[in-house]
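Protein chains in written order, with the working numbering: chain D, 79 to 257; chain X, 693 to 976.
We put the CB at the ideal spot given by N, CA and C, even for glycine.
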């Protein structure tokens, strides 16, 4: 089982305490080009994971290779990416991803011009396009910060957005960069 | 009243603030704060009983990032102070403590955002100038400011709210007060259930049943149960230590016949499905 989650904080409390338990995860694969080359970040990420869960930090292309390896079948893996773009890249190339969860995006990263899909997911215009493409490939992709929180389908959130856009002349909700 | 408000505010500052600066010291738990408030207000026994009752309620409350639920420290300090002042023990403390705990968490989050958060650019500037000492100073300064402001909450609450709470508690009919007492006695089960949600694990579940049998059938007192718990912890600790020693020895043995062996193995893996040793181990 491969569960994919977009989370710009990669491994943190919500992952370690809530998701690993809820999904009975055996290994966390962090697919991020930047983290894969940064030894300090690698060390910090490994420290943040629960002790019984294995952690591997690789570039996005290495992650595709690992996830498509025969040995990956039958493992309960949580794959963490930092952006919707990387998630789309993985969904396009890895066949057997069971769930796609867009958790936390846009609080730390990205530019000024963001659209809020939920209070935890804020996307820039190119990310929004990636998200639409992602929903085409994975229609069940959802937004859910923690397992006990409400689950919203990403396509519903996008649909609501387009309704709102038609209603108002301004194209999106501007968020202050301090958020 | 001024003395009570000041001493409870001081206890909140030292315990809740202290816990933030000392890591997971558990200083801010109800079981610590209850007796402290009791001591300050001259009724240690009530303080201890209220602390234990609230600890049972808040036992499962572990605040992690966005998944926070309540701040038990402020809840206990103010709840216990009112309960001791008005009399009535845990039956008064629990219904008061829960809303105060929810409020406390919100205020705590706000102080992080607006007080500690607003110093972030100053830290950046000092770091750019290489002023390490100023950074340390500001670090503790911001801490004192944050928790000093937080401690105003119980101070004002007790100073101003006492009469209102007194009237409210007096106005509650005995029937309802009794109902609250019963509900208060049920709440530890909720606290325990919240804790189990976090801690439940098939490998340790067996101890849960051991405890249940000890209390329900053998009717062991809590002290005996705690001693049994310590014995189990020590035995498991010794076993883990032996196991890790063994694992280290085996690792060293495996390394002995030169690196050759390991290289051959990793090489074979790579031929099979294009994974290196680290990746193989991850999927093992």
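Considering Cα atoms alone, identify which of X:775, X:966, X:877 is closest to residue 860 of chain X.
X:775
Residue 715 of chain X, enclosing beta strand (DSSP E) - first and last residue:
Here residue 715 of chain X belongs to no beta strand (DSSP E), and DSSP marks it neither H nor E.
Would residue 142 of chain D and residue 172 of chain D be called neighbours here (beta carbons separated by less than 8 Å)?
Going by beta carbons, residue 142 of chain D and residue 172 of chain D fall inside the 8 Å limit.
Check whether the Cβ atoms of residue 179 of chain D and residue 198 of chain D sit closer than 8 Å, and answer yes or no.
no
How long is the line joining the alpha carbons of residue 837 of chain X and residue 771 of chain X, rounded to whole angstroms?
For residue 837 of chain X and residue 771 of chain X, the distance between alpha carbons rounds to 24 Å.
With a Cβ-Cβ cutoff of 8 Å, do residue 239 of chain D and residue 202 of chain D count as a contact?
no
I believe residue 156 of chain D touches residue 212 of chain D by the beta-carbon criterion, under 8 Å. Please report the beta-carbon distance rounded to the nearest angstrom.
Rounded, the Cβ-Cβ distance is 18 Å, inconsistent with contact.
With a cut-off of 8 Å on the beta carbons, I'd call residue 879 of chain X and residue 749 of chain X a contact; round off their distance for me.
5 Å
Which residues bound the alpha helix (DSSP H) around residue 85 of chain D?
Taken as a continuous stretch (DSSP letters only), residue 85 of chain D belongs to no alpha helix (DSSP H), being part of the beta strand (DSSP E) at 80 to 85.
In terms of alpha-carbon separation, which member of D:154, D:147, D:146 lies closest to residue 133 of chain D?
D:154
For the beta strand (DSSP E) containing residue 176 of chain D, name the first residue and the last one.
It spans 175 to 182 - the beta strand (DSSP E) in which residue 176 of chain D sits, taken as one unbroken run.
Cβ closer than 7 Å: which chain D residues qualify as neighbours of residue 899 of chain X?
Chain-order list of chain D residues neighbouring residue 899 of chain X: empty, with the shortest C-beta distance near 17 Å, by a criterion of under 7 Å.
I want to verify the contact list: residues of chain X whose CB lies under 8 Å from the CB of residue 132 of chain D, in sequence order.
973, 974
Residues that DSSP places opposite residue 109 of chain D in a beta bridge
D:136, per the DSSP bridge assignment.
Figure out for me which residue from X:814, X:911, X:928, X:719 has the closest Cα to the Cα of residue 895 of chain X.
X:928
State the beta-bridge partners of residue 195 of chain D as determined by DSSP.
BP columns for residue 195 of chain D are empty, so no partner.
Report back the beta-carbon spacing between residue 722 of chain X and residue 739 of chain X to the nearest angstrom; my notes put them in contact at under 8 Å.
With a Cβ gap of about 10 Å, residue 722 of chain X and residue 739 of chain X do not count as contacting.
Let's test the definition: count the other Cβ atoms within 10 Å of the Cβ of residue 200 of chain D and tell me whether it reaches 16, buried, or not, exposed.
buried
Tell me whether residue 892 of chain X is buried or exposed, calling it buried when 16 or more other Cβ atoms sit within 10 Å of its Cβ.
exposed
Given 8 Å, three or more beta-carbon pairs between the segment 866 to 878 of chain X and the segment 781 to 800 of chain X
yes
Is there contact between the segment 84 to 95 of chain D and the segment 158 to 167 of chain D, where contact requires at least three CB pairs shorter than 8 Å?
yes
Under 8 Å by Cβ, that's how I've got residue 845 of chain X and residue 766 of chain X pegged, so tell me the actual separation to the nearest angstrom.
6 Å
What would DSSP say about residue 706 of chain X, mapped onto helix, strand or coil?
Shown here, residue 706 of chain X sits in a helix according to DSSP, grouped into three states.
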